[in-house]
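So the numbering used here is basically just the index in the sequence shown, starting at one, shifted up by 1026.
Built from N, CA and C at the ideal position, the CB exists for glycine as well.
Treat the numbers as computed from the prediction; the structure is a model and nothing was measured.
Written below as C-alpha coordinates is the structure these notes are about.
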Amino acid sequence: PHTSTNVAAGFAQGNYHLTDQLSATVGIRYAREEKEFKQDFGSYSATTGLISTAGPIRYTGNSVYYSTTPKFGLEYVPMDNVLVFGSVTRGFKSGGYNMTATLASVAAFAPEDLWSYEVGVKTDWLNKRLRVNLTGFYYDYSNMQVQAFIRPGVADITNAASATVKGLELELTAQPVQGLQLTANLAWLDGTYDSYPRAPGPGGTIVDASGNRINAAPKYSTNFAAEYDWIQPSGDMFFVRAEYFWQDRQFFVASNDPNQSQGAYGVLNASIGYEAPDARWRVALYGKNLTDRQYITITGTVSPVISGRPGDPRTFGVRGTYKF
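Laid out in C-alpha coordinates, this is it:
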(Lines of atoms letter the chains of each structure in order from A and count residues from 1; the text may use other names and numbers.)
(Lines give C-alpha, C1' and ligand atoms only; values in the text may rest on other atoms or scores of the structure.)
Protein backbone atom coordinates (compact mmCIF):
# COMPACT_ATOMS: atom_id res chain seq x y z
CA PRO A 1 0.00 0.00 0.00
CA HIS A 2 0.93 3.66 -0.48
CA THR A 3 -0.10 5.98 2.30
CA SER A 4 0.21 9.69 3.03
CA THR A 5 -0.81 11.71 6.06
CA ASN A 6 -1.12 15.48 6.45
CA VAL A 7 -1.71 16.96 9.88
CA ALA A 8 -2.27 20.52 11.08
CA ALA A 9 -2.77 21.25 14.77
CA GLY A 10 -2.72 24.00 17.33
CA PHE A 11 -2.79 23.91 21.12
CA ALA A 12 -2.79 26.17 24.15
CA GLN A 13 -2.49 25.56 27.89
CA GLY A 14 -2.57 27.82 30.91
CA ASN A 15 -2.12 27.49 34.66
CA TYR A 16 -3.79 29.75 37.20
CA HIS A 17 -3.06 29.89 40.95
CA LEU A 18 -6.43 30.12 42.69
CA THR A 19 -4.64 30.29 46.06
CA ASP A 20 -1.08 29.78 47.27
CA GLN A 21 -1.85 26.07 47.61
CA LEU A 22 -4.40 25.42 44.86
CA SER A 23 -3.85 25.82 41.11
CA ALA A 24 -5.91 24.97 38.03
CA THR A 25 -4.77 23.95 34.54
CA VAL A 26 -6.85 24.27 31.38
CA GLY A 27 -5.67 23.26 27.93
CA ILE A 28 -7.06 22.46 24.50
CA ARG A 29 -5.75 21.04 21.23
CA TYR A 30 -7.42 21.12 17.84
CA ALA A 31 -6.20 19.01 14.92
CA ARG A 32 -7.12 18.17 11.35
CA GLU A 33 -5.66 14.96 9.92
CA GLU A 34 -6.07 13.76 6.35
CA LYS A 35 -5.11 10.25 5.25
CA GLU A 36 -4.86 8.89 1.72
CA PHE A 37 -4.51 5.17 1.09
CA LYS A 38 -3.87 3.49 -2.26
CA GLN A 39 -3.85 -0.30 -2.40
CA ASP A 40 -2.44 -2.26 -5.34
CA PHE A 41 -2.49 -5.95 -4.48
CA GLY A 42 -1.99 -8.79 -6.90
CA SER A 43 -0.70 -12.34 -7.27
CA TYR A 44 2.45 -12.92 -9.26
CA SER A 45 4.06 -16.01 -10.73
CA ALA A 46 7.35 -16.88 -9.11
CA THR A 47 8.69 -18.30 -12.38
CA THR A 48 7.50 -15.72 -14.95
CA GLY A 49 7.06 -12.66 -12.77
CA LEU A 50 3.72 -11.96 -14.45
CA ILE A 51 0.47 -11.05 -12.74
CA SER A 52 -1.86 -14.01 -12.36
CA THR A 53 -5.12 -14.19 -14.30
CA ALA A 54 -6.99 -13.02 -11.20
CA GLY A 55 -5.38 -9.65 -11.73
CA PRO A 56 -4.56 -6.97 -9.19
CA ILE A 57 -7.07 -5.70 -6.67
CA ARG A 58 -7.00 -1.92 -6.38
CA TYR A 59 -8.84 0.55 -4.22
CA THR A 60 -8.22 4.03 -2.87
CA GLY A 61 -9.42 5.69 0.29
CA ASN A 62 -9.39 9.25 1.58
CA SER A 63 -10.53 10.39 5.03
CA VAL A 64 -10.33 13.57 7.04
CA TYR A 65 -10.45 13.44 10.85
CA TYR A 66 -11.06 16.39 13.18
CA SER A 67 -10.36 16.33 16.90
CA THR A 68 -10.78 18.72 19.80
CA THR A 69 -9.09 17.44 22.94
CA PRO A 70 -9.38 19.48 26.15
CA LYS A 71 -7.62 19.04 29.48
CA PHE A 72 -8.74 20.15 32.94
CA GLY A 73 -6.61 19.71 36.05
CA LEU A 74 -6.33 20.71 39.71
CA GLU A 75 -3.27 20.58 41.98
CA TYR A 76 -3.35 21.08 45.74
CA VAL A 77 -0.28 21.33 47.98
CA PRO A 78 -1.42 21.07 51.62
CA MET A 79 2.21 20.89 52.83
CA ASP A 80 5.68 21.04 51.28
CA ASN A 81 6.04 17.27 50.86
CA VAL A 82 2.51 16.44 49.63
CA LEU A 83 0.89 17.05 46.24
CA VAL A 84 -2.72 16.06 45.55
CA PHE A 85 -3.88 16.20 41.92
CA GLY A 86 -6.76 15.35 39.63
CA SER A 87 -7.34 15.68 35.91
CA VAL A 88 -9.85 15.06 33.13
CA THR A 89 -8.41 14.70 29.62
CA ARG A 90 -9.73 13.67 26.24
CA GLY A 91 -7.53 11.66 23.88
CA PHE A 92 -7.89 10.93 20.17
CA LYS A 93 -6.36 8.43 17.72
CA SER A 94 -7.24 8.87 14.07
CA GLY A 95 -8.73 6.12 11.92
CA GLY A 96 -7.22 4.47 8.87
CA TYR A 97 -7.34 1.59 6.40
CA ASN A 98 -6.42 -2.11 6.49
CA MET A 99 -4.26 -3.37 3.65
CA THR A 100 -5.97 -6.80 3.48
CA ALA A 101 -9.39 -5.61 2.34
CA THR A 102 -10.56 -5.33 -1.28
CA LEU A 103 -12.86 -2.30 -0.86
CA ALA A 104 -12.15 1.00 0.86
CA SER A 105 -15.50 0.85 2.66
CA VAL A 106 -14.52 -2.49 4.21
CA ALA A 107 -10.89 -1.50 4.85
CA ALA A 108 -11.63 1.61 6.90
CA PHE A 109 -11.64 1.66 10.69
CA ALA A 110 -12.93 4.54 12.78
CA PRO A 111 -11.05 6.95 15.06
CA GLU A 112 -10.62 6.03 18.70
CA ASP A 113 -11.73 8.42 21.45
CA LEU A 114 -10.78 8.33 25.11
CA TRP A 115 -11.83 10.24 28.21
CA SER A 116 -9.23 9.85 30.97
CA TYR A 117 -10.02 10.57 34.63
CA GLU A 118 -7.12 10.51 37.08
CA VAL A 119 -6.60 11.33 40.77
CA GLY A 120 -3.57 10.80 42.93
CA VAL A 121 -1.17 11.93 45.60
CA LYS A 122 2.62 12.31 45.53
CA THR A 123 4.52 12.48 48.81
CA ASP A 124 8.10 12.68 50.13
CA TRP A 125 9.00 11.62 53.69
CA LEU A 126 12.00 11.25 56.01
CA ASN A 127 13.93 14.14 54.49
CA LYS A 128 13.14 12.86 50.97
CA ARG A 129 14.55 9.41 51.69
CA LEU A 130 11.12 7.84 51.15
CA ARG A 131 8.75 8.60 48.28
CA VAL A 132 5.20 7.25 48.14
CA ASN A 133 2.97 7.95 45.13
CA LEU A 134 -0.53 6.59 44.62
CA THR A 135 -2.60 7.08 41.46
CA GLY A 136 -6.08 5.93 40.47
CA PHE A 137 -7.42 6.22 36.95
CA TYR A 138 -10.46 5.47 34.82
CA TYR A 139 -10.34 5.31 31.01
CA ASP A 140 -13.52 5.39 28.93
CA TYR A 141 -12.91 4.34 25.30
CA SER A 142 -15.21 4.80 22.32
CA ASN A 143 -14.49 2.90 19.09
CA MET A 144 -11.40 1.37 20.68
CA GLN A 145 -8.99 0.17 17.98
CA VAL A 146 -8.09 -3.52 18.42
CA GLN A 147 -5.44 -5.35 16.40
CA ALA A 148 -5.85 -8.95 15.21
CA PHE A 149 -3.41 -11.06 13.18
CA ILE A 150 -4.71 -12.33 9.83
CA ARG A 151 -1.64 -14.16 8.52
CA PRO A 152 2.12 -13.96 9.05
CA GLY A 153 3.20 -10.35 8.93
CA VAL A 154 -0.34 -9.02 8.35
CA ALA A 155 -2.67 -7.55 10.97
CA ASP A 156 -6.08 -5.92 10.73
CA ILE A 157 -7.55 -3.28 13.02
CA THR A 158 -11.20 -3.31 14.01
CA ASN A 159 -13.20 -1.12 16.40
CA ALA A 160 -14.70 -2.28 19.66
CA ALA A 161 -17.79 -0.20 20.35
CA SER A 162 -16.67 0.73 23.86
CA ALA A 163 -14.25 -0.31 26.58
CA THR A 164 -13.32 0.84 30.08
CA VAL A 165 -10.14 0.50 32.09
CA LYS A 166 -9.90 1.04 35.85
CA GLY A 167 -6.61 0.93 37.68
CA LEU A 168 -4.50 1.72 40.74
CA GLU A 169 -0.74 2.20 40.80
CA LEU A 170 1.48 2.44 43.88
CA GLU A 171 5.07 3.64 43.49
CA LEU A 172 7.60 3.41 46.32
CA THR A 173 11.19 4.69 46.38
CA ALA A 174 13.39 4.40 49.47
CA GLN A 175 17.02 5.14 50.38
CA PRO A 176 17.50 3.41 53.73
CA VAL A 177 21.29 3.94 53.77
CA GLN A 178 23.70 6.01 51.73
CA GLY A 179 24.21 4.51 48.28
CA LEU A 180 21.31 2.05 48.41
CA GLN A 181 18.09 2.74 46.52
CA LEU A 182 15.04 0.48 46.61
CA THR A 183 12.06 0.89 44.27
CA ALA A 184 8.76 -0.94 43.94
CA ASN A 185 5.84 -0.50 41.61
CA LEU A 186 2.53 -2.29 42.20
CA ALA A 187 -0.34 -2.06 39.72
CA TRP A 188 -3.92 -3.33 39.51
CA LEU A 189 -5.73 -3.13 36.19
CA ASP A 190 -9.31 -3.98 35.28
CA GLY A 191 -9.81 -3.51 31.54
CA THR A 192 -12.84 -4.94 29.71
CA TYR A 193 -14.62 -4.58 26.39
CA ASP A 194 -18.02 -3.17 27.36
CA SER A 195 -19.40 -3.79 23.88
CA TYR A 196 -17.58 -5.71 21.13
CA PRO A 197 -20.23 -7.87 19.41
CA ARG A 198 -18.24 -8.55 16.22
CA ALA A 199 -14.74 -9.35 17.39
CA PRO A 200 -12.45 -11.49 15.21
CA GLY A 201 -12.33 -15.08 16.46
CA PRO A 202 -10.32 -18.19 15.57
CA GLY A 203 -10.35 -19.34 11.97
CA GLY A 204 -11.89 -16.12 10.67
CA THR A 205 -15.04 -16.49 12.79
CA ILE A 206 -16.90 -13.63 14.50
CA VAL A 207 -17.41 -13.76 18.27
CA ASP A 208 -19.08 -11.54 20.85
CA ALA A 209 -16.24 -10.31 23.09
CA SER A 210 -18.43 -8.01 25.21
CA GLY A 211 -17.38 -8.34 28.84
CA ASN A 212 -14.01 -9.94 28.00
CA ARG A 213 -10.67 -8.60 29.20
CA ILE A 214 -8.78 -6.23 26.93
CA ASN A 215 -5.80 -7.61 25.02
CA ALA A 216 -2.43 -7.51 26.79
CA ALA A 217 -3.88 -6.14 30.05
CA PRO A 218 -2.76 -8.30 33.02
CA LYS A 219 -4.81 -7.74 36.15
CA TYR A 220 -1.78 -7.47 38.46
CA SER A 221 1.82 -6.51 37.78
CA THR A 222 4.78 -5.66 39.97
CA ASN A 223 8.33 -4.45 39.59
CA PHE A 224 11.03 -4.45 42.28
CA ALA A 225 14.57 -3.08 41.96
CA ALA A 226 17.57 -2.54 44.20
CA GLU A 227 20.74 -0.64 43.31
CA TYR A 228 23.83 0.02 45.39
CA ASP A 229 26.44 2.62 44.38
CA TRP A 230 29.99 2.73 45.76
CA ILE A 231 31.39 6.23 45.25
CA GLN A 232 35.16 6.43 45.72
CA PRO A 233 37.01 9.52 47.04
CA SER A 234 38.29 10.02 43.49
CA GLY A 235 34.72 10.26 42.22
CA ASP A 236 34.74 6.88 40.47
CA MET A 237 31.53 4.95 41.04
CA PHE A 238 30.88 1.21 40.97
CA PHE A 239 27.33 -0.05 41.03
CA VAL A 240 25.34 -3.26 41.18
CA ARG A 241 21.65 -3.56 40.34
CA ALA A 242 19.00 -6.28 40.42
CA GLU A 243 15.39 -6.05 39.30
CA TYR A 244 12.45 -8.42 39.16
CA PHE A 245 9.31 -8.01 37.07
CA TRP A 246 6.15 -10.11 37.48
CA GLN A 247 2.78 -9.96 35.79
CA ASP A 248 -0.49 -11.86 35.92
CA ARG A 249 -2.09 -13.73 33.02
CA GLN A 250 -2.75 -11.73 29.87
CA PHE A 251 -4.83 -12.54 26.80
CA PHE A 252 -3.64 -11.77 23.28
CA VAL A 253 -7.04 -11.93 21.54
CA ALA A 254 -10.41 -10.35 22.28
CA SER A 255 -12.11 -13.74 22.47
CA ASN A 256 -9.99 -14.46 25.60
CA ASP A 257 -9.07 -17.91 24.23
CA PRO A 258 -6.98 -19.49 27.03
CA ASN A 259 -4.80 -21.15 24.40
CA GLN A 260 -3.84 -17.67 23.21
CA SER A 261 -2.78 -16.28 26.55
CA GLN A 262 0.31 -16.19 28.73
CA GLY A 263 0.06 -17.29 32.32
CA ALA A 264 1.66 -15.42 35.20
CA TYR A 265 5.44 -15.23 34.99
CA GLY A 266 8.41 -13.27 36.35
CA VAL A 267 11.75 -12.17 34.91
CA LEU A 268 14.94 -11.48 36.89
CA ASN A 269 17.59 -9.09 35.55
CA ALA A 270 20.88 -7.87 37.05
CA SER A 271 23.86 -5.70 36.14
CA ILE A 272 27.21 -4.56 37.54
CA GLY A 273 29.25 -1.67 36.24
CA TYR A 274 31.42 1.43 36.52
CA GLU A 275 30.78 5.16 36.00
CA ALA A 276 33.48 7.80 35.45
CA PRO A 277 33.88 10.68 37.94
CA ASP A 278 32.44 13.23 35.48
CA ALA A 279 29.40 10.92 34.88
CA ARG A 280 29.92 11.27 31.12
CA TRP A 281 30.44 7.58 30.45
CA ARG A 282 29.66 4.25 32.06
CA VAL A 283 30.01 0.57 31.22
CA ALA A 284 28.04 -2.36 32.62
CA LEU A 285 27.90 -6.13 32.38
CA TYR A 286 24.27 -7.24 32.38
CA GLY A 287 22.24 -10.42 32.50
CA LYS A 288 18.57 -10.60 31.46
CA ASN A 289 16.07 -13.32 32.34
CA LEU A 290 18.63 -14.99 34.57
CA THR A 291 16.28 -17.85 35.47
CA ASP A 292 15.73 -18.53 31.74
CA ARG A 293 11.95 -18.27 32.14
CA GLN A 294 10.06 -19.32 29.02
CA TYR A 295 7.10 -17.13 28.04
CA ILE A 296 5.42 -15.67 24.96
CA THR A 297 4.75 -12.03 24.11
CA ILE A 298 2.07 -12.44 21.40
CA THR A 299 0.19 -15.18 19.52
CA GLY A 300 -1.30 -15.69 16.07
CA THR A 301 -3.86 -18.04 14.51
CA VAL A 302 -2.52 -18.21 10.99
CA SER A 303 -2.86 -22.00 10.88
CA PRO A 304 -4.66 -24.74 12.85
CA VAL A 305 -1.63 -24.73 15.16
CA ILE A 306 -1.42 -21.58 17.27
CA SER A 307 1.89 -19.77 16.97
CA GLY A 308 3.53 -17.43 19.44
CA ARG A 309 6.54 -15.17 19.69
CA PRO A 310 8.79 -16.28 22.54
CA GLY A 311 10.29 -13.81 24.96
CA ASP A 312 14.04 -13.38 25.06
CA PRO A 313 15.89 -16.26 26.74
CA ARG A 314 18.71 -15.86 29.27
CA THR A 315 20.98 -13.19 27.78
CA PHE A 316 24.31 -11.70 28.80
CA GLY A 317 25.98 -8.61 27.36
CA VAL A 318 28.04 -5.49 27.86
CA ARG A 319 26.53 -2.03 27.54
CA GLY A 320 28.41 1.25 27.29
CA THR A 321 27.04 4.82 27.26
CA TYR A 322 28.72 8.17 26.65
CA LYS A 323 27.21 11.64 27.12
CA PHE A 324 28.46 14.36 24.77
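Would the beta-carbon of residue i fall within 8 Å of that of residue j?
i	j	result
Leu1215	Val1191	yes
Arg1340	Leu1316	yes
Gly1099	Ala1050	yes
Pro1228	Asp1283	yes
Tyr1300	Val1309	yes
Phe1135	Gly1121	yes
Ile1257	Gly1205	yes
Lys1273	Ala1242	It should be pointed out that residue 1273 corresponds to Gln in this sequence rather than to Lys. For Gln1273 and Ala1242, no; Cβs fall outside 8 Å.
Met1105	Pro1027	no
Leu1198	Val1147	no
Asp1234	Ala1189	no
Gln1286	Tyr1321	no
Tyr1123	Phe1175	no
Round the Cβ separation of residue i and residue j to the nearest angstrom and send it over; I've been treating them as touching at under 8 Å.
i	j	result
Ser1113	Glu1144	5 Å
Ala1200	Arg1155	7 Å
Ser1297	Arg1267	5 Å
Ala1034	Arg1058	5 Å
Pro1137	Lys1119	6 Å
Asp1046	Asn1107	So it is not a contact: roughly 16 Å between Cβ atoms.
Looking at the unbroken beta strand (DSSP E) that takes in residue i, where does it start and where does it end?
i	result
Val1033	1028 to 1043
Arg1219	Just to set this straight, residue 1219 is Tyr in the shown sequence, not Arg. First-last of the beta strand (DSSP E) with Tyr1219: 1206 to 1221.
Pro1336	1333 to 1336
Asp1182	1180 to 1200
Met1263	1263 to 1273
Leu1076	Looking at the DSSP string, Leu1076 is not in any beta strand (DSSP E), and its letter there is neither H nor E.
Asn1295	1291 to 1301
Tyr1348	1341 to 1348
Leu1316	Unbroken run through Leu1316: none, as it is neither H nor E.
Arg1116	1108 to 1119
Asp1046	Neither: Asp1046 is in no beta strand (DSSP E) and is coded neither H nor E.
Leu1140	1138 to 1151
By a C-beta neighbour count over all protein chains shown, 10 Å radius and 16 as the cutoff for buried, is residue i buried or exposed?
i	result
Ile1240	buried
Phe1264	exposed
Ser1281	buried
Lys1061	buried
Gly1087	buried
Asn1041	exposed
Pro1244	buried
Tyr1246	exposed
Tyr1222	buried
Pro1259	exposed
Problem - Ordered list of beta strand (DSSP E) runs contained in the stretch 1232 to 1257, each at least 3 residues - result: For the stretch 1232 to 1257, whole beta strand (DSSP E) runs of length 3 or above, ordered along the chain, are 1246 to 1257.
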